[in-house]
Every structure is written in C-alpha cells, then in structure tokens.
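Protein chains in written order, with this note's numbering: chain R, 34 to 254; chain S, 34 to 254; chain E, 2 to 228; chain H, 2 to 228. First up is the structure itself, then whatever we jot down about it.
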Amino acid sequence: MSATATAAFKPFSRAEMAQRAAADIPEGWYVNLGIGIPTMISDYVPMDREVIFHSENGVLGMGPAPAKDKIEPWLINAGKQYVTMRAGGSFCHHADSFSMIRGGHLDLCVLGAFQVADNGDIANWATSENDTAPAVGGAMDLAAGAKRLWVLMEHTTKDGQSKLVTKCSYPLTAPGAVKRVYTNLATLDVTDRGFVVLGMAPGLSFDDLQARTEAKLHLPA
Amino acid sequence: MSATATAAFKPFSRAEMAQRAAADIPEGWYVNLGIGIPTMISDYVPMDREVIFHSENGVLGMGPAPAKDKIEPWLINAGKQYVTMRAGGSFCHHADSFSMIRGGHLDLCVLGAFQVADNGDIANWATSENDTAPAVGGAMDLAAGAKRLWVLMEHTTKDGQSKLVTKCSYPLTAPGAVKRVYTNLATLDVTDRGFVVLGMAPGLSFDDLQARTEAKLHLPA
Amino acid sequence: MINKIVQSMADTMAGIKDGSVVLLAGFGSVGQPNALIDGLIEQGATNLTVACNNAGAGHTGLARLMELGRVRRIICSFPRSSDPVVFETLYRAGKIELEIVPQGTLAERMRAAGAGVSAFFTATGVGTKMAVGKEHREIDGRTYILEQALKGDVGLVEAWEADRWGNLTFKQAGRNFNPVCAMASALTLVQSQHIRELGEIDPDHVVTPGIFVDRVLHVPYGDPSGF
Amino acid sequence: MINKIVQSMADTMAGIKDGSVVLLAGFGSVGQPNALIDGLIEQGATNLTVACNNAGAGHTGLARLMELGRVRRIICSFPRSSDPVVFETLYRAGKIELEIVPQGTLAERMRAAGAGVSAFFTATGVGTKMAVGKEHREIDGRTYILEQALKGDVGLVEAWEADRWGNLTFKQAGRNFNPVCAMASALTLVQSQHIRELGEIDPDHVVTPGIFVDRVLHVPYGDPSGF
C-alpha cells in the first residue's frame, strides 16, 4: 500500500502522540506504560491530576525521572530507567505486582506494537514465528490483564507498510485486546465494526488516512 | 474392646504427653501446634532450644502466653488465645501463612485426633458423615502440607473405644499422613508395617497395650 | 486529587446490591471490620453470600446479619464458635446454605481471584469429603484437586493505618484475611483505626496497596475483644 | 541457637549438585545476587537449569556461567539485554535450551511452587504461541491455560537486611523476584547487604520470613549498577 498523492499534512510527533494519550487518562486511574514511547506519556500528565503509574518490577506510584544527583540506585522501572517515587507509592514483589496486572486491577496499559488488527489483536513481541530468541517480558500479562489496552505506535513501518492490519502477520501478544490506538497520523478506537477514526493529524483527510492503512477505517457512528 | 485385667500402671498425664512430644522436637524446626493438648507442647520446649512456632493466622515465632497485664489484643494464635512474639518473629497474611503450610515448609505439625489408622489416616474434624455443621479450620491444610504430622491424643475414648484403628470410621482429615502418635499409654510410629510401639506408660506391658488397641501393634524391628 | 476517604457510613456502603458476594476479613474479632458489618446491617442489602473464616458468634455482627435473614449462603472454614447459636439454628432449620472450605483453600481461593488465577490444583482435602465431585489430577506423583477462585462483589476490611490513596497496614495478627479480601473484591471497603497523610506510610511497609482499595472510613474503635 | 548466617562463600554454596534447577532473583542488576552467582561459578556445579527474568548481559555473572558451558537450559521472560552476546551465541549454536515464559507467569509459577499449588489456570498467553500444547479451559466465559509450578533446587536471593533466623527485607525495587525465589526453592541462599540482630527487624515489616531461607552470607557490596 503506497500513499496516494495528498495535500501537505503534519504528522503528530512522538511527543504529541504521548500528549494526546495523556490527555485521555482521567485522575485516579492505575496505569502501566510499556517500554519505549508509551513511557513518555507520564511526562504529559500534570502532577495535580493524580494518575498512579505502575511498573511490573513491583513499583506502584512512580514519579518522573530523578535529577542526576538524586538517583536512587534501587529505584528503577521495567525499562530499567531510574525513576522516583511519589508520596503514596509502594513496593511489592513480582508475584504481587503481576497480581495487579493479571487480576484486572490496572485501569489502563499502553504498549507499543508492531501491528494491531481491526479485531483488537496485538503483535508486539516478535517479528517472526522463528525469532531466534524472542523476548516477551510482561507484554502478554499486560495485554491480557489490564482493563483497557491502548497502543501508541507509528502508523506505518519505515518502508511504508501499514501497522493497522486486517490480520496480524507477526506472532500475537494477545487476541482481541486493544481498545484504542494512537499513531502519528490518527487516534482510532477498536470497535465491533473495526477501526473507528476519532481524530487525524492536521491536514490529513479520511481518504488520505485510509490510503495509508491496510485495515478498513470507519467514521464514528 | 475392653481392657483385660492388668497389673497396675500409670498412664501419662496430658502434661507428660506434651513433654514427651516436646523432647522429640529438635532445634530449628518450624512447628505448628493444633488447638487443644498439642498447644501445651510449647511449654516444654526450653527457650534456649530454638523451635519456631507457627500459627495459621499469620504468626511465625510465637512465644509463651503473656502475663495478664502484658496482653496485646491483636496478638492471638489460631486457638484465639493471647500469645507473645519472640524476637525474630514475623506476621503475614492468611494466604502467605498457608503457603508455609501447603508449600511443605513446616517441619512438623502436631494435631489432636478422634482416630488414627495404622496406614496413617487421620480423622479429627467431624464425628459423623452427617455432622450438622462440621468445622474443619486449617486441619486439612496442615495434615496434607506439613513435612511430618504427629498426633497427640488419648489412647481410647471415654467409653474405652480404641482411637488407634484399622480403619477410621469418622470422616478423614487426610489419608496416610500421620507419622507418629503420642497417647496417654504409648508413643507409636506409623510405618509400612503399621503401628510400631516406641515406648509405653510405666507398668504397662505390650500385651496390655494391644488389649486396649484395636489396630495391630508391632515391636520395633 | 484522589481521595478514597469517605466521611460517613452511608457513603461507605453506597451501592451494595442484593445478592452480593461479600468477603469478610478477620479471624475471630481480631482484624474484623465490625463497624462495616454494622453498616451493612443498616444498609439493607439482602440475599447475600458471605465468605468468612467463621460463621459469627452471639447476636451481633455477622450473627446479627444472619439472624435478620439477610444471608442466603455462608462459605467458611470454621462455623463453630464460643456461641454459634444463630448460625446453628438457621442451619438446622435449612434457612442458610453452608459451604465448608479448608482454611488455607479459602485464603488461596481469594488470593487467586485477586491475582487472575481462575482455578488451581491443591493437595489439601484430597481423600476427604472435600474432594467429592472435584476434579482430581496426579502431578509429579501426587494427587491434587482443582479449586476455583472466590471473587467478592464487596470486601470488608479492617486496617490499622490508611491514607487517601487507600494504602493500608495492619497490626500484628490483625492482618489475617484482610489483604486477600481486599485484592479479591470488586468493591473493597475499609475501616481504619488511623488515617495517615499521603507519604507517611513507608513505601516498603505498605501491605495492601491502594490499587486494591475503593473506600476508607476512619473508625478508631480501639482494641478488639469478645472473640 | 539457630544461626543461618554462614561465614564463607564455600559454606554458602556447599552441596549444590550438577543438574540443579536454580531460581535466580533480580531484575536487571537491581536485587540480583551477583556475589552468589560468582560463588556458583566458583563452586562448579554444571548442567544447570536457570530460571531468571533475564538471560545475562556482558561476560560476567549469569552470562559468564553460561559462557563456561554450565547452563543446559534457561527459563526466562526477556533474553534480550544491552549486551546479550553470550546467550545469543550459545542459543544460535544450539548449545542452550530456552523456555520463554511471560514475566507474570514466571513469577506466579514460582509463587505456586512455594505455596503448594501444583498448577493453575491463567489467561496470560491464551491465543498466542505460549499456549501451544497447553491445556485450555473455559471458566466463567473466559479461556485460560494451565501452567505448572516451577520449583527450585536452589534459590539465589539478594536482601537488604537479614537476621540469624533468616528473616529478610528488601530495598525498594530490589524486592522483585527475591521473595518468590526464596519460597519456591528447596535450598535458599541469600546474600544480604546488612546483618541485623534478631528482633531488630519489626515483625510487621519482615517481607520474607526465615522459614523460606536456609543460609545467609553478609555481602555489603553497595549500589547495584551496570544493568
């Protein structure tokens, strides 16, 4: 699928993608942010809108990255970056931490992905059935366990392939799990009808977006 | 089975039964004592022989009963008696406490019983198949989970029925679990051969003991 | 600002529906949320299933709730008590259903519900009446039975300290079933002896994190007694 | 007097057999018992199965143990790292077996082993490669797969504080897999930054009670680094 000629448009930057997702998270949610771009979301949630960030390695109530001279060596997130702890945070062991995930206690998880299908399937851990040593980490637990799964990713691969597909060609992380996708081109809900476009990058038309998307897109009902 | 005429003998008192069991517990064991006579065992383990007593309600490292003016209202054992905590003790929640039991971490549990069979079956929670509201508590967890199960009980019922039987007539707590029995008449191991008599009350002969016991008794090989 | 601390018993109990499964923590009266049970009595929900280690004593608390005919079914390990007259009378009259569960299986079933484990194999109860009708399986040479997760619609919990995010600590043996009732329940209601400022509880010492807690009521009742 | 504190690495490692299943705690290098891994390298046991979240980095620690050909099989969730060259070389050469397990399933399988749960049903991995060959079951309208307990012959643990009964605390995110490795292993070996007098650790703050611990070695190594 190559893009048809379109008028000039301005894709969302990664920061804007994170910002858009952050704006949709209400106060009081317990949220796990996957490694990579999703981690940026917390930078755009103001401290006075209390959202409680969870990390798989037993950290609940993370704050922003520490100043370089305030690093606590035992305080890292699942991406193995130094973080801080907010007042009201707590530590627990790995089985307790994954109880929060697997027991359905997280309001939201945001992951990156290789592909999302219009039935909500997500593929984000291996790029081939024969990956030499695929690394799954906590992705399957998060995708299967959180109350809501959102995906934050580029709309297309570097060579222009749509990452929103009718069927994932890569190994699944979880079937039917994704509820919403934020890309550099659009925000989309995954519904019974498939992908419903909630918003687009400035200057982009619905037809432009469809041209860049393998899966069929829908307008809100 | 009624007792045959025998020479005078002196049954062990409850305190002596507890004392005999206590003498057989080596330092370093993690031990759960059931409600009733077994609880008395801890009184006969000297404080300098460190045995770590566990109670189902999340108490590990119990010490003796407190003086009346030293009662801590939140510090009770599974029998709902006030206890003390030794230095080195710890509290945990019920699922963690039963992980210790069910995960095979207790070296020993000592329970009371209605009946013990010579294959190690124990019946200690209900006296009829149609008990109106039988109360099992943690008995089945302890019987199935501890590394060793000992029983401390009278040798016979009040009306002279043997409590060491060939087959339990009461509902089982666990099959094949009991390793040793301390009664007011004898100490017995449960082996592949059945009950093996390790010791008897002063003045009692093996034949006297057999006469009071439904199950067949054996002498040590 | 997140604030799970509520100001009245009516606010604490809001929304409990008839037919709910209520997980009730406590072991005897230690760590037992007596004020919340009274609140539930007042609130009025009926046709309840109550899971609790014991089945009430005397004529107060859980026994009172049963006496009022509000409990359809009780799931417990130890229905005997110093004064079990209410339970026994109802049970003999066929007015209450009883499911007896070994104490460790009861705690583990709640923990499983909170942890996303729908069912698990345990050796407890194998070869006994508890195993009748349950799936048996031999694993590595030992026989196990399959037990199901036990989810609560409502969990009633007693804490020693709580903050506005719902973080909890417990006092000594008052911990008992409280953490598993909290994690297994869709709506977890807490009475706490002390309310702490956010951050006052050391993050390494939080026992039940606020993610498992919905509402906290300050009930500084003093010592447990009367078990 | 119970004294689980040992004085030398040799005493700590005594008795580890070839072919052992080793549960190795830590998440990156935080809460990872590096000194004990070095001790295991020195001790010499081989043909090991190692369960750990990661599969080692660089040429030290677990990576070194693998490089020496001592690890037959690795069970982990995330074999990638900043420098996974040792693992990847061995894996491509077919010299090491890999079992990939979702991180939560890995933690839960260890916890299950410690808690006497031989197997459990979880929704994680359903509909993926992880579910292939596993028993599926629908419970209350959702599909689950059966996962088995993961027992260790040996558990390697890093604690912040320990006493002579083996009670442990952990520092911040250093807790991670340590408590479940401790409870799941037949022989649990601990390196601890601090040794406390018995009774110094508040009974309400003990995280891993001594019942899950066999030997403690004092290793005041300072800060983790290099993950």
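The C-beta atom is built at its ideal place from N, Cα and C for all residues, glycine as well. Quick caveat: nothing in here was measured; it's all calculated off a predicted structure.
- Per the C-alpha coordinates, the member of S:V229, S:V214, S:S195 and S:F131 positioned closest to M173 of chain S is S:F131.
- The three-state secondary structure of C182 of chain H, taken from DSSP, is helix.
- Counting other Cβ atoms within 10 Å of its Cβ, M10 of chain H reaches 16 or more and is therefore classed as buried.
- With respect to chain R, the C-beta atom of L199 of chain E has a partner C-beta closer than 7 Å.
- With a cut-off of 8 Å on Cβ pairs, the stretch 172–187 of chain R is in contact with the stretch 54–68 of chain R, counting three or more such pairs.
- Membership of A120 of chain S in the beta strand (DSSP E) is indicated by the continuous run T117 to F124.
- In the displayed model, L182 of chain S falls within a strand according to three-state DSSP.
- Each residue's CA atom was taken as its position, placing G115 of chain E and A150 of chain E some 8 Å apart.
- Just so you know, the alpha carbons of I104 of chain S and Y115 of chain S end up roughly 7 Å apart.
- Neighbours of M233 of chain S in chain E, taken as residues at a C-beta separation under 9 Å, are lacking, since the least C-beta distance is about 31 Å.
- Note on D12 of chain H: under 16 other CB atoms within 10 angstroms of its CB, so exposed under the neighbour-count rule.
- Between V158 of chain E and chain R, the shortest Cβ-Cβ separation is not below 7 Å.
- Residues of the stretch 141–171 of chain E with a C-beta atom less than 8 Å from some C-beta of chain R are D164, R165, W166 and N168, listed in chain order.
- Close to chain S, meaning a Cβ-Cβ distance shorter than 9 Å, are the following residues of the stretch 205–226 of chain E: V208, T209, G223, D224, P225 and S226.
- The beta carbon of V72 of chain E is closer than 7 Å to those of L49, V51, L66 and I97 in its chain, skipping five residues each way along the sequence.
- For D222 of chain S, the enclosing beta strand (DSSP E) starts and ends at A219 to T224.
- Here the stretch 149–168 of chain R makes contact with the stretch 199–207 of chain R; the two share three or more CB pairs at distances below 8 Å.
- The beta carbon of V102 of chain E does not come within 7 Å of any beta carbon belonging to chain H, so the residue lies off that interface.
- Taking 7 Å as the Cβ-Cβ cut-off, the stretch 97–123 of chain S approaches chain E at E105, P106, W107, L108, I109 and K113, given in chain order.
- Per DSSP, the continuous beta strand (DSSP E) segment holding R138 of chain H begins and ends at H137 to I140.
- Between R112 of chain E and V181 of chain E, the beta carbon gap of about 5 Å places them in contact (Cβ cut-off 8 Å).
- E162 of chain H is a Cβ neighbour of T170 of chain H, given a cutoff of 7 Å.
- Around the beta carbon of M131 of chain E, 16 or more other beta carbons sit within 10 angstroms, so the residue counts as buried.
- Straight across, the Cα-Cα distance linking Q104 of chain E with T123 of chain E is about 13 Å.
- Residue range G227 to M233 is occupied by the beta strand (DSSP E) that includes M233 of chain R.
- Here E198 of chain E is exposed. Its C-beta has fewer than 16 other C-beta atoms within 10 Å.
- The alpha-carbon separation between G227 of chain S and G209 of chain S amounts to approximately 11 Å.
- Taking 8 Å as the upper bound on Cβ-Cβ separation, chain R lies near residues A116, G117 and V118 of the stretch 116–134 of chain E.
- At a beta-carbon threshold of 8 Å, the residues of chain E lying near Q173 of chain H are P204 and D205, ordered along the chain.
- Taking C-beta atoms as the reference points, A168 of chain S and F79 of chain E count as a pair closer than 7 Å.
- Under the three-state reduction of DSSP, N152 of chain S is assigned to coil, being neither helix nor strand.
- Judged by DSSP in its simplified three-state form, H127 of chain R adopts helix.
- Annotation for P97 of chain R: S75, D76, V116 and T117 place their beta carbon closer than 8 Å to its own, counting only its chain and skipping 5 residues before and after.
- Positions of the alpha helix (DSSP H) runs, each at least 4 residues long and wholly inside the stretch 167–223 of chain H, are given as 179–185 in order along the chain.
- The beta carbon of Y215 of chain S lies closer than 6 Å to those of M50, R53, A54 and L185 in the same chain, with the five residues before and after it left out.
- Excluding its 5 nearest sequence neighbours in each direction, T189 of chain S has C-beta neighbours in its own chain below 7 Å: S195, K196 and R245, listed in chain order.
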